[in-house]
Structures are given as C-alpha cells and as structure tokens.
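Engineer: Protein chains in written order, with the working numbering: chain B, 538 to 799; chain F, 538 to 799; chain X, 538 to 799; chain G, 538 to 799; chain V, 538 to 799; chain W, 538 to 799. By construction, the Cβ of each residue, glycine as well, lies at the ideal position given by its N, Cα and C atoms.
1. Could you compute how far the alpha carbon of residue 710 of chain B sits from the alpha carbon of residue 658 of chain W?
2. Given a threshold of 16 other Cβ atoms within 10 Å of its Cβ, counted over all protein chains shown, does residue 544 of chain V qualify as buried or as exposed?
3. Name, please, each residue of chain B whose Cβ falls closer than 7 Å to the Cβ of residue 754 of chain F.
4. Of the choices F/671, F/569 and F/679, whose alpha-carbon is the least far from that of residue 557 of chain F?
5. According to DSSP, which residues form a beta bridge with residue 578 of chain W?
6. Pull up the distance between the alpha-carbon of residue 553 of chain X and that of residue 570 of chain X, whole angstroms please.
7. How big is the Cα-Cα spacing for residue 697 of chain V and residue 640 of chain V?
8. Determine the extent of the beta strand (DSSP E) in which residue 553 of chain X is found, giving its start and end residues.
9. So, does the segment 575-590 of chain F touch the segment 634-654 of chain F, judging by three or more C-beta pairs under 8 Å?
10. Quick check: what's the CA-CA separation for residue 568 of chain X versus residue 642 of chain B?
11. Exposed or buried, what is residue 708 of chain F when buried is set at 16 or more other beta-carbons lying within 10 Å of its beta-carbon?
12. Give a yes or no on contact between the segment 592-605 of chain W and the segment 600-611 of chain V, applying the rule of three or more CB pairs nearer than 8 Å.
13. Who are residue 603 of chain G's beta bridge partners in DSSP?
14. Looking at the secondary structure, which residues open and close the alpha helix (DSSP H) in which residue 755 of chain W lies?
15. Could you tell me how far apart the beta carbons of residue 593 of chain V and residue 628 of chain W are, in whole angstroms, since I believe they sit closer than 8 Å?
16. So, for residue 760 of chain F: in the same chain, excluding its five sequence neighbours on each side, which residues have a beta-carbon less than 8 Å away from its beta-carbon?
17. Which residue marks the beginning of the alpha helix (DSSP H) containing residue 620 of chain B, and which one marks its end?
18. If residue 559 of chain V and residue 576 of chain V are in contact, beta carbons under 8 Å, what's the gap, nearest whole angstrom?
19. Does the Cβ of residue 633 of chain G have 16 or more other Cβ atoms within 10 Å, making it buried, or fewer, making it exposed?
20. Give the DSSP bridge partners of residue 703 of chain F, in chain order.
21. Please classify residue 796 of chain V: does DSSP put it in a helix, a strand, or coil?
22. Quick check: the Cα distance between residue 720 of chain B and residue 758 of chain B, rounded to an integer number of angstroms?
23. Output needed in chain order: residues of the segment 612-629 of chain W with a Cβ under 7 Å from some Cβ in chain V.
24. What does the alpha-carbon distance come out to for the pair residue 574 of chain W and residue 611 of chain W?
25. Can you grab the Cα-Cα spacing for the pair residue 754 of chain W / residue 615 of chain B, in whole Å?
26. For the segment 735-750 of chain G and the segment 722-737 of chain X, state whether three or more C-beta atom pairs, one from each stretch, are separated by less than 8 Å.
27. Helix, strand or coil for residue 644 of chain W per DSSP?
28. At a Cβ threshold of 8 Å, is residue 580 of chain W touching chain B?
29. Report the three-state DSSP secondary structure of residue 741 of chain X (helix, strand or coil).
30. Residues in the same chain with beta-carbon distance under 8 Å from residue 767 of chain X, minus the five sequence neighbours each way, listed in chain order, please.
31. If distances are taken between C-alpha atoms only, which option among V/662, V/695 and V/619 comes closest to residue 718 of chain V?
32. Mind checking if residue 609 of chain V is an interface residue toward chain G, Cβ cutoff 8 Å exclusive?
33. Which residues mark the beginning and the end of the beta strand (DSSP E) in which residue 712 of chain V is found?
34. What's the C-alpha gap between residue 731 of chain X and residue 764 of chain X?
35. Along the chain, where does the alpha helix (DSSP H) containing residue 633 of chain X start, and where does it finish?
36. Run down chain X in chain order and give the residues with a C-beta less than 7 Å from the C-beta of residue 743 of chain G.
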C-alpha cells in the first residue's frame, strides 16, 4: 500500500519539536507532525481546584485545555469563545491530555500548585490530540525543570516522558500516524498513549465504519509502538539534558530519564 | 481475590433489563446492573442535523444524550440544566454511546430521521456508560421494529446487538464489571464495546494510577468477552423474537438477529 | 360528563407511591398518578445559600429542582442541560415546589443544612407539578426521619404533610386531576396545594381560554379538597408509622402527624 | 389596623397612568402605583414563533418580557444581561403577564404578528407584577388602536381591559395593594388578575409563612375586587375614548369597551 | 446646511437633566437630549472586585453597565437578558463610561466601595453613550455628596464634572450632536469626552464610510468643545450648589467645582 | 527619555511579517512587533449575516474575531471558550478590527461572501490590537488576490493597505509603539488606524490616569504618522507585488496600491 506523500504504512510524518517557543509560560514547545502544528504551553499557578481543597487532598493538580484556532482547519471552524461553549470533541481531547500526564506525575510533589497544559492547534492535518500529548510532555519537562531550579518544588515530579500516536485501518490494511485525509476515510481509528518505558497509559480504538477483531487491535498496537520509539527520541533531543539544578533527591534530569529508558 | 458482594473476578453483577419501560418513546428499556440503574429511551424525529442537510449526506442520523439524575450518586451531583452546561464527562459518555451504534446501524436505511438515544441514570454504582449501551441496544431494537411495522422505513436497519462492559486492574489483579467502590480504587479502568458477533466497536483503556502492559490489556479483553456473552443473552430475552411485521427484505427480526449470532 | 378512561369528574387517577425508590438520597419516592410518573428525591447537604450566610439568617434552607426526562413526553422534549438553560415553565414549577414546603418546615430546626428536593418526571401525562409535590412530601418525611435518627437535627422539623392536585374547567364543567389530553383542552387550569390539616398553601388558577367566575373558583376548590383527602391517606400508607428514634421533644412521627390530622 | 402611609386596609396607593410614554413602540404607558413605577411598552413585529409555524397554528401571538432596572430596588440588584440569564422570579412574572392577556385577545385576529409586551420596572416598591399588567393593558389598547387605524388588522382584537392587584394577610388581618415593606412581612401574598367585566383570569395565592383558610381566600378576593374597580376607571381615563378609525366590525373602541363594562 | 429639526451644524439638541429621578440609588438623573432619554443611576456597594482584593490594590472601584430597553429603538431590539449575553456594542459603551470617570475620581478616597454607574436608555435617538456620560456625571456628584454627608468617605473624591458629545461628518460637512438619522448616514462618527476644565478624557473617531484627514479631526474637536461648554452649564444647574456637609478637607462642593471651572 | 530596550521615543519595535503562515485559510500572516506575536488569518465563506439577508443589503460582509492564547500573557489568562463568553476587551478589539477594514473594502464587490479576519495572539507584549490590524491588512491582500485569481470576484475589492500603531504619554513625554510595561504605566493610551494614503480610519485616545490637552493629541498623532510610514513599507514587502491574475478592471495589485500611495 502506498500512502499520501509516498509514506509506508509504518512511517511517521516528519516531526519537529521547537522547545521554549513562547515567552511567558514556564514551559512551551511547538510540535509539527507533517501538516499538524500545535503550540503546547505549561503554566504553573498557585492554588488547587475547589474540590481538592474541600476534600483536603494533599499535593497539586494537572489539567489541560485544548483548542483549534478558527483558521486551522479546511473550512473555518467556529470560535468556541463565540459559540459560548466548548464542543464535546474539545472536552474529550482535553480530558485525555490531562489524564495522560496525571499518571506519570507525582501530584504530591507539586505542592499547592495547578499545572495548566494548553494545547492550541495552529494547523490541523490529523492527529492533533496525539501531537498535543507528545509536545506537552516536552513543555512539562521544561516547566518542571524551571520549578526545581526556582526551588518552587523540592524534586523533579515527572517520572518519564509520554508520547502518543494514531494508528488506523482502511480496507483491512493498517497504517501509522494518519493525516486528515486518511483519518476521515478510515474504518478504525485508534490513539495510543505510552510512557517512554513502554507502558500503556491510554488505548482508544474506535470502529468508525466497521467493527474490528482482536488481531487487528494487536497489529495496530505493534505499529504504534514502532512510531512511539521515534517520538521519544525526538522528545529527548528537544529537551536536552543539562542537569536540573537544585533537584535534591533524584539527581539531574538526564539521570532521572535514563533510569526509565526502554 | 474476593470482591465486594462475594463476586469472583470474572462474574457480572446481577443484570435485569425491562423492555418498554416508558409510555411515549418508540423504544425504551430499564437496565439494572447491580446497583446501577439506567433508563434508556429511543425517540425518532423527522429531519436530520443541519450539517447533513448542508452537505447533502443521504439517510438519517443516530445521536445520544446522557445524564445523571442529581440524586443518583453518593452526595448529590449538581443538575447540569442548572449549571447551564454539560460536563466533559457527560459529553465524553454520550459521544461514546452515539458512536457505538452508528457502526452497526445502516444510516442510509433510516430515511430523513434522527434517532435520539437518551440514557438517564437513576442510580449510579459504577459502569453507567456500559449499562447505557447495553440497555440502549434493546431500546433501539424495539424502536426499529416499530418503525418497520409502521412502514416508516422499509427494512430493519440495525445489523446486530451491541453490549458493553467494564474491566479493571487493582494491585495486579483483573476484575470484570466494577462497582463504584472498585472503580474509584482501580489502577486501570477499561470499557469494551462489542457486537454480538464478537467484533470490537470501542476499546478504551485508561491508566488512572499506574501504566499497564500489553499482556494486562489482553487479559482484560479476555475477561470482557466472557461477560459480554452473558449480556447478549440477556438482551435477547428482553427483546423477544416475535416476527417484525412489514420488514420487506430481511424477514422477521428473529431471522435478522439469528444470522448474526456468535 | 364521562371522561377519558371512564373517570367521574371527581375521581382521581390511580395513585401509587413507592417509598425509598432510590439508593443514595436521604429520602425518595416514586409517585405514579395515572400515566404520570415522578421520581422525588430529598438530599441533605451541609451549608446554606450565600444570601443566608451574608444576611446571617439562622437555620437551614429548603429548595427544589424539577426536570422532565427528554423521552417523558409525546414528542421528545429537548434536554435542558443541552439547551444550556431551564425553561420558564421548569423554573416556575420548581419555585412552586420549594415554596410549598418552606411554609410547613421549621427552617430554624434544620441547622446549617440545605434540603434539595429533586423531582424528575419519567413519564408525563398531566399534573406533573402536583404529583411532584405529593411525592416529595413522602420523600421529605423519610429524609427528616433519617436526620433525626442520625441525630443530625434534634427534632422532627416538618409540621405536616402537603399534597397537591389539579382541577379544571371545560365547557362549564369541572373536573379533578386532569390528564394531559384534558389539560391541553381545558378553559381553566388550577393547582391547589394543601396541608393535611386542610389549610391552603398555594392556589394557582389560570384562565387559559376563558375567564372564570368566583363561583367557578369555589366549585373547583371543593373538588380539589375531595381529591386531596385521598392523597393524604395514600401518603400515610407510603410513609408508615414506625416511631422516629431520637426525636427528642415531639415523640414519634405518628404522633407528630396525628396532632395535625383533619 | 393602620398601615404605612396611613392607608386603610382596603385603600389603593396613589395610581397614575401616563399613556404614550415612549417614542418608538406602537403603544406604551408609564404606570405609578405609590413608589412602584413601570414602563409598559407594546411592540408589534411581523412573524410568529417557530412552534406556531411548525404546527400551522393560525393567527398571531402575544408574549411578554419583564425586567427590573438594577437601581430600581433597595440594594442594587444584579443586571440579568450580565449574569447571562433571567432569574426564576423574572420568568415566572413575564409568563404571568403574557398569559393574562392571551385570554382576552383574539389571537386569530392578529394575523401573522407577534405582540411583545415589555414591562420594565424603574422603581420597585411592591406589586410590580400587578402594576405591569394594569399598565400593559393600556399600552395594548393604544397599540391595537394604531394597528386598526393603519389597517394592519381588520378589527380590534382585545375583548376588554385587564387589571391586577395584590392582596395579603398579616397576623390575621387582610390588606389591599401591599408596598414592599408590607409584602416582605406578609404571611400570605396573593395576586388577582381580572377582566373589566369582573371575570377572573389568574388567582395566585401563596402562603409565605402560614397556610390560610378558604374564608381568608374569599376575604382577600373581595378586597381585590374593590381595588380593581378603581384601577379599571383609571385605565379608561388614560386610554381616552376617541373612536378607533377603520375598525370595521366592532365600531369604535369606546363602544367596544362599553359593552364589556361591569 | 440645514439639519433635521432646523438645527445649525453647531447646535445641540434640547437638553434637560432631572436630578434624583429614582427612589433607591445614592444618586440618579434622567437626561434628555432631543429624543434620547437615559436614566443614570449610581449605587454604592461595600467591597471591591476580586482582582483588586487579590492584588491588594488599595481604595475602591468605579464601574458601569449600560442597557437599551427593548422598546427604546425603532424596531424592538432583543432583550439582552433573554439572549443571555450583552452585545459587543453594549460592552464597548459600558467600558467607555466606566473609563471616563475613573480618571477624574480619586479611587483611593473611596475606601472599600464599588461605585456602579447604571445607564439605561428609555428612548434612543442617537448619542446614547454621550448622554449617558453627561447624565452619569450628575448622578455621581449627587451620590458622592451623599457619601460625604453620611461620613462613608472623608472627602469628596470627584475632581470635576465630565460631559460627552458626538460630532460627525457627512459629505464634507461637520455637525454637532447627531440624532439617529444623521448618525446612520454619517461618513465619520466621533465621540468626545471632556472634563469641565477642558481636558480630553476620550477621543473616539471612526470612519464609517470614508477615512478622514487631520484637519477634519481638528474641526470636529472644535465643534465638540463648543457643545460641551453648554452641557457643563446644564450639569451645574441640575446639581445645584448647596454645600456638601462633612466634606472635611476640600470645603463644599460649590468650592470644589468652582476651582475647576473653564 | 530613554525607554526599555534603549528605544527612542519615536522608534518602532522590531517588526517582521511572515506572509502565508498557515496552510488552510485564503490569506494569513504572522506579525511580530517586539515581543508581541499575532497570527492573522483571512477565511472566505459563502453567505452573509442574517441581518443583511433580512434587509436585502447587496454585497458581502467583513468581520473579525480576536483572541489571546491562555499562555500568551504574564500569568495565564483564562480561556474564553471555557469561561463561556468573550470579555468586553476582546469584543471591543474585534469590533475595532472589523470596522477598520470595512471602510477600505468595497463590500459590494465581495458578492455573497463573508470575510472572517481571525487575529490570535500567541505572545502578548503590548499593542496587540494594532499588530492585529497591521498583520490582517497583509492577510486580506493575499486572500483577495486569491479570490480574484480563482475568479470568485471580478475585481480587487480593497482600496489600500491599513496599519495601526499605539502612542502614549507618561509624565508629559510622548512615545511610539508601547510595550506592555510602558502601556501599563502610561497616563494616556492612544491607537491610530490609518490608510496608506494617510487618511485616518480610527483615532482612539484614552486618559487612563490623567486627562490630556489638544496639543498632546496633536503631538501623539504626529508620532503615530511617523511609525505608520515604516509599517506600510514592511507590509508592502511582505505582500510582494506580482500581478493579480484576472483582476479585470483595476490591473495588478501593484498598480492598485501605487495609485493610493502617499
């Protein structure tokens, strides 16, 4: 099977991560996966959500918000601030992003802080939720490094990097990292979120047109794992590995990550 | 491992489906799974969504809305009509329900109709989204049977029944059909939506506390398949198998379903 | 005049109240009046509304919320959580329910608690606001009994039961407890809320089509009183009369209510 | 009993109606009842609500909206346009106003028009809903007169004037036309809407503090009737009685109203 | 050029300010400029906005809200409380009003109070934002006088009066104080907000149809200054000049204003 | 006076415009003015707003929407899509942007199209509304060029470029193009929108702290004119001047613009 842009079924699109893309937030990154471009920003604010205070849950919180710029899609998509509410799709995606990171971040280490992960899509060409997660992992590493250096928190709270990739099926053939045109036509659409150490964080497979079998599921998971390895390498390069200053117990970031490598 | 209520790790809670629970909608069912009770209603309305008309997509549409009654949970949950918006969780669940059925319903057969699946939780004790899907499949069968009999549509449009069940992991042990207390404590939480013929429609696995491995995933899928077989039998009994009158091409519902059996 | 279902002008529809219908709230009841079915739930939450705190008003608060399930009516009615606001009709009804009980509950006895009365209509066939009030009175009795037994409050705070019934006029003839079809055609529509001791709490009469006279009003009030007597008996049976434990000053519920009997 | 401002229990506050208070709407009036001042405006727009078009109901529609200016009350009340929604109280009142006039207006005579009755309270000192109705009746008469003269409709569609007044009880004593201070302290609060020919349109009695008896109800209705007679005279003077030009079948407005007099 | 109503290009419409128009707010005024009528009300509430508390900004705050009554315009304009949000035009105007006064009020003198300026348009015939500002200045003077007399604040916090007027261009001709018909047709529309001592607070010039030159701008500013002088005189008469009691440091209001005269 | 970054009072920050920054919209540009970065996108959609259709206004429409990304500011600013409404500031800015271009675009030439100008701020360091206008002018030129080439419209509808710049005053000194820190401290803040031929489109001057004089106004306008000349040159370079194909009557874009030069 030959795909758009002459890709093989198991080839990622061209990926580029630009760290520290923005001036203000604690951490940020621009991620480009083929035609998809997402600005990922991590902001740290004092305080925790009301339900944590009410229940006396110790530590901090990690949450995420996602948006599509109106001109990021083929045919302008209406600005949600004007409509007055976020769509179900937006809500579903931002909940996925937040969830994906809460299982690798030690919330108790965050103190009374809320970590906001904002993922804003500038250009959308399929796979925006996966690109958001992969880019946000870099922005989080940069933000936490800054928090440790500023002694806002005593130690680096993120256990390892997280990346995500889409896989799909069309007419019985599997493919990795679908662009928009492929995604719209796919029979099955799947998103895999994984840690750098190879553990699954989220598996979401949906039969858009045609139910699928257990062996299809396995084939798609294999495909995803291949692509994710490449993404973890690209993340590493974007983050760099200077030591995290003041990170009392875990040593520098390089070490911290090294111990978690596949 | 002994669970709450002395269940085995692979035992469903007590399930009961009461068909035609409501007076007005075309199809309805009350489903009880242990302490979880959901009213599932299917209403047929003339017309299709604006985007279908605009794009000239032929056929009809299937959509879903989900709600929790304020007193259905431990500690009253705020009425969404008063808050003025649906939560992200609600949106995520109702999108899942709608999606689950669109892949087994031949939308082109529906004519210019919109099929609303309303799932309203009366008592919540874990697994409400899965119970909603399992109950809604029964309500849809009843509604489509009525549509065929009233000659609103020429043939029965639903290929086969759909059911869903949750599975989870806690301290390295797997379990089927989690109640609320088990669900809140689980390390991994997974929902499987399947057709009666054994194909997957949706697989959603989430590491709440601890990332999981491929073999954990497989173990949980096995567990789910066992539970789903029982659910399909219970659905069959609730639907009954009198012939569908006026169903021109496919014969009666019994036949239609028979051909799809596992 | 012969009515739908062969009822006399002064006959109630078949009424059934199932106490403790739900698992979680402090008190609950399912009330069925002919084809109208309403789940009434009473939840107690710590704290009082902001305006009470601000003004330093002592005691607690009683409030109500009302909803129609989308499939409860002929022709699906749009979910208010999706529309993003409650209709004027919904607001009017839930204000009536709350008001009806505040005049028979000693708010000062409630301590710093808010009592939520949720009335959710499963099937609507006319008279839903009246059924809500009649069912909610039972749910409140059960909830307050539980509060006294748990020593959340020192004494039983509800002076007596409350019930409500609709009456109407069509072509100069009066009738009790209108079903939807009768209600839609009525010239005058009236709702009477009364205490078990025969005092009026709310009288709402509306000329939908034709203004009415003082003697019509009196005739309708007579009719309502007859129906309400039956409703109070049905409420009593649903509540039962085991003694309320720990109810320091007033003795058991049976006594408390006995003193208020007509 | 001596009341605030030395009024007798059966005396209205000073009432003044200024017709044609506004420049743009088809009809308008400023009504002052003691310290309560309401601008009532009637605007005619082509077209009818969607539900009427959908159901093919012939004729036009009459609806109402009500508002309190933020500075109309003791202690600024928050602007509903800023809060983003109308309160339940506002909804309840505007529904009452619309309903009150639909039973005396022949909707079929209105053609495809919607009649908006806007009642905006400038100063609030109790009884704003009653003042709104009494003032709106004048504004409607003026607007319909204009419609007939412009030949927008063939004949005068309003059967007779409508007025409303509040009555209440405190410590077993009844009183007419309560000001804010009296209203806040009342045990029972009642609003009576009546036609000039003495028929009831709406009776709303509410026990705020203490349930009331049938004889209390009758006493309050008597009291209301007395006050309403005076209001109908004041309305007449405000409207004036020049003949309605072009009012083909009914003759001039003076005649039309004369035939309806008590 | 002869204008509507035979006005000269540099003549204001007839202006009338009625002070203390409302019963409840601390200060109020009705301003009439030709066919435009606006009720301006100033209410003082304890407390300051959340952002001031959070940032520890000392002193009080001045803010404004603006609204059009639905029947104030040709063709009813939809009630914003019903639409559920304020329009961009409304927001723009109320921001302008608030801003205009914050530069002449010494916020630190206000203590922990918020000053609400509500401007509600009863009849709209062009220039409503300017009339609002001119009327609100009077209402503020009256309210602050009352605050000083009640010893809520130690000294009079408003440095001088503020007034506003519109100017415009049509076919190369300039004109002062446009009515609605002139405003709709204008090529350039400008609003000037000035202090009594002749300083500019806000200059807003907009080319609706045709960009304009620097010399046009100057001509329009000259025209505005002429009109504003008249407005300051009318304000003075409406306010009166009895001494402000208890105004410790600045002397009476007359003096305070005298020092600021043009 | 020496400013932040050693700028002179009359020096712009470093300005860079990247045309065609996005993949999907008809025209787009990224503008950077010092630390302020705005993505400007122009999308063309068939159809015109409801009020134009209702009133039968010929031609098309130009409108604008503006947003700040949550992480674009010092201290995360809350996402408006989550708050459920746009702030007054956002509304005011997007209204300004739309207005600024409607006076240089021949709406009748647009046919039945709506032109959306989306300005989304990625990094905010003062002057975002001015940068938005300057960048949007480039995006509009590119979009209209494409429309002419695709023969969607017969001739180029935009008369000339538009640019905007801020000026301000602090302690009696004037300065051009304020960064955030300067803007927050300024006594007077002004935004000037001008056409390339030197005509004014919008002049907005606001005394934040201190009213200003006519001569201050003139000084600030002079300062703005100087900066705007530079901005028009930078716009020209970004647009380029290849001929617009198919632009029947006006010749190529270069000519069109040339005729309008200062």
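Structural biologist: In this structure, then:
1. 41 Å
2. buried
3. 737 and 740
4. F/679
5. W/565 and W/655
6. 7 Å
7. 10 Å
8. 552-556
9. yes
10. 49 Å
11. exposed
12. no
13. G/656
14. 751-776
15. Not quite, the Cβ-Cβ distance comes to about 29 Å (not below 8 Å), so this is no contact.
16. 546, 547, 704, 711, 712 and 713
17. 617-620
18. 7 Å
19. buried
20. F/728
21. Low per-residue confidence applies at residue 796 of chain V: pLDDT is 34, beneath 50, and the placement is therefore not dependable, though the value from the model is reported in the following sentence. DSSP places residue 796 of chain V in coil when its eight states are reduced to three.
22. 17 Å
23. 622, 625, 628 and 629
24. 14 Å
25. 39 Å
26. yes
27. helix
28. yes
29. strand
30. 549 and 552
31. V/662
32. yes
33. 710-713
34. 11 Å
35. 625-639
36. 636 and 739
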